[in-house]
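S.K.: Heads up, the numbering used here is the position in the sequence shown plus 45, with the first residue counted as 1. All C-beta atoms, glycine included, are put in the ideal place defined by N, C-alpha and C.
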Amino acid sequence: MKIGIQREESIFLAKDVSSGRGVFSKINIKSGSVIEVSLAVPIRPEEEGYIDKTIIWDYYFWTKSHLPNEVSNAHVLLGFASFCNHSISPNATIIWKKDGLGIWGILKAISDIYINEEITIHYANIDDYVMRGLISHKQAYGY
Numbered sequence: 046m047k048i049g050i051q052r053e054e055s056i057f058l059a060k061d062v063s064s065g066r067g068v069f070s071k072i073n074i075k076s077g078s079v080i081e082v083s084l085a086v087p088i089r090p091e092e093e094g095y096i097d098k099t100i101i102w103d104y105y106f107w108t109k110s111h112l113p114n115e116v117s118n119a120h121v122l123l124g125f126a127s128f129c130n131h132s133i134s135p136n137a138t139i140i141w142k143k144d145g146l147g148i149w150g151i152l153k154a155i156s157d158i159y160i161n162e163e164i165t166i167h168y169a170n171i172d173d174y175v176m177r178g179l180i181s182h183k184q185a186y187g188y
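The structure is reproduced here in structure tokens:
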């Protein structure tokens with residue numbers, strides 16, 4: 046199955062008051078719609094220990110549970126999905142797929158998203174963000 050890069054022309058990157066920047070919708074997006082398909086760049090296992098010392102830490106995805114047979118446990122998406130902020134009640138998710146060209150991250154709406162609404166996902170490594178003081182316990186867990 047060939048996937049190929051896709052981006053809904055209806056999303057944009059903008060400044061976000063609480064998070065610095067985020068991904069927003071220009072149009073209403075129905076639940077279940079594919080918002081973006083991006084190629085993922087693997088981070089080699091021997092490089093994983095250095096991620097937290099670089100700016101890449103802010104943008105990578107821990108994919109071990111989604112791609113258990115892959116050598117790489119972490120990937121960077123070459124698209125807007127890397128800029129989606131965390132939410133305890135996200136309106137989108139990333140589905141991971143592999144084909145002959147590589148690993149793909151598919152950003153998909155899991156609820157209706159309205160014009161100018163921020164597109165958010167749930168971070169798998171949210172504890173790291175709290176420990177670093179990048180977000181509050183309440184932002185991460187809702188309490």
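Residue ranges of each beta strand (DSSP E) run of no fewer than 3 residues wholly in the region 102-164, ordered along the chain?
M.R.: List check, beta strand (DSSP E) in window: 105-107, 119-122, 137-144 and 147-154.
S.K.: Tell me where the beta strand (DSSP E) around G40 begins and ends.
M.R.: Nothing about residue 40 can be reported from this structure: the residues present for the chain run from 46 to 188 only.
S.K.: Please name the residue or residues paired with D97 in a DSSP beta bridge.
M.R.: Sequence index remark: in the sequence shown, residue 97 carries index 52 (1-based). According to DSSP, D97 bridges with nothing at all.
S.K.: Are the beta-carbon atoms belonging to V82 and I164 less than 7 Å from one another?
M.R.: Along the sequence shown, one-based indexing puts residue 82 at 37. Along the sequence shown, one-based indexing puts residue 164 at 119. It is not a contact, given that the beta carbons lie outside the stated cut-off.
S.K.: Does the Cβ-Cβ distance between H120 and P87 come in under 7 Å?
M.R.: Here residue 120 corresponds to residue number 75 of the sequence shown, with the count starting at 1. Here residue 87 corresponds to residue number 42 of the sequence shown, with the count starting at 1. Yes, the Cβ-Cβ distance between H120 and P87 is below 7 Å.
S.K.: If distances are taken between C-alpha atoms only, which option among E92, Y104, N118 and N161 comes closest to K71?
M.R.: In the sequence shown, counting from the first residue as 1, residue 71 sits at position 26. It is N161 whose Cα lies nearest to the Cα of K71.
S.K.: Mind checking which residues open and close the beta strand (DSSP E) that includes V82?
M.R.: Counting from one through the sequence shown, the residue named residue 82 turns up at place 37. Unbroken beta strand (DSSP E) run through V82: V79 to I88.
S.K.: In angstroms, rounded to a whole number, what distance separates the CA positions of H131 and Y168?
M.R.: Indexing the sequence shown from 1 puts residue 131 at position 86. Indexing the sequence shown from 1 puts residue 168 at position 123. Going from the Cα of H131 to the Cα of Y168 covers about 6 Å.
S.K.: DSSP beta-bridge partners for K60?
M.R.: The sequence position of residue 60 within the sequence shown is 15, counting from 1. Answer is R66, bridged to K60.
S.K.: G150 to Y105, Cα distance in whole Å?
M.R.: The count along the sequence shown starts at 1 and reaches residue 150 at position 105. The count along the sequence shown starts at 1 and reaches residue 105 at position 60. Straight-line Cα distance between these residues: approximately 12 Å.
S.K.: Suppose the cutoff is 6 Å on Cβ atoms and the five residues either side in sequence are ignored; what does the same chain contact list for N118 look like?
M.R.: Walking along the sequence shown from the start, residue 118 turns up at place 73. For N118, where only same-chain residues beyond five positions count, the Cβ hits under 6 Å are K109.
S.K.: Starting from the C-beta of K60, find all residues in its chain whose C-beta is less than 7 Å away, skip the five residues before and the five after it, and write them out in chain order.
M.R.: Along the sequence shown, one-based indexing puts residue 60 at 15. Cβ neighbours of K60 beyond the five flanking positions: R66.
S.K.: Sorted by chain position, which residues of the same chain lie with C-beta nearer than 6 Å to S156's C-beta, five sequence neighbours on each side aside?
M.R.: As a position in the sequence shown, residue 156 is number 111, starting the count at 1. So the qualifying residues of the chain are S76 and N136.
S.K.: Use the C-beta contact count for F125: other C-beta atoms within 10 angstroms, 16 or more gives buried, fewer gives exposed.
M.R.: For the purposes of this step, residue 125 is taken as residue 80 along the sequence shown, with counting starting at 1. It is buried - the Cβ of F125 has at least 16 other Cβ atoms within 10 Å.
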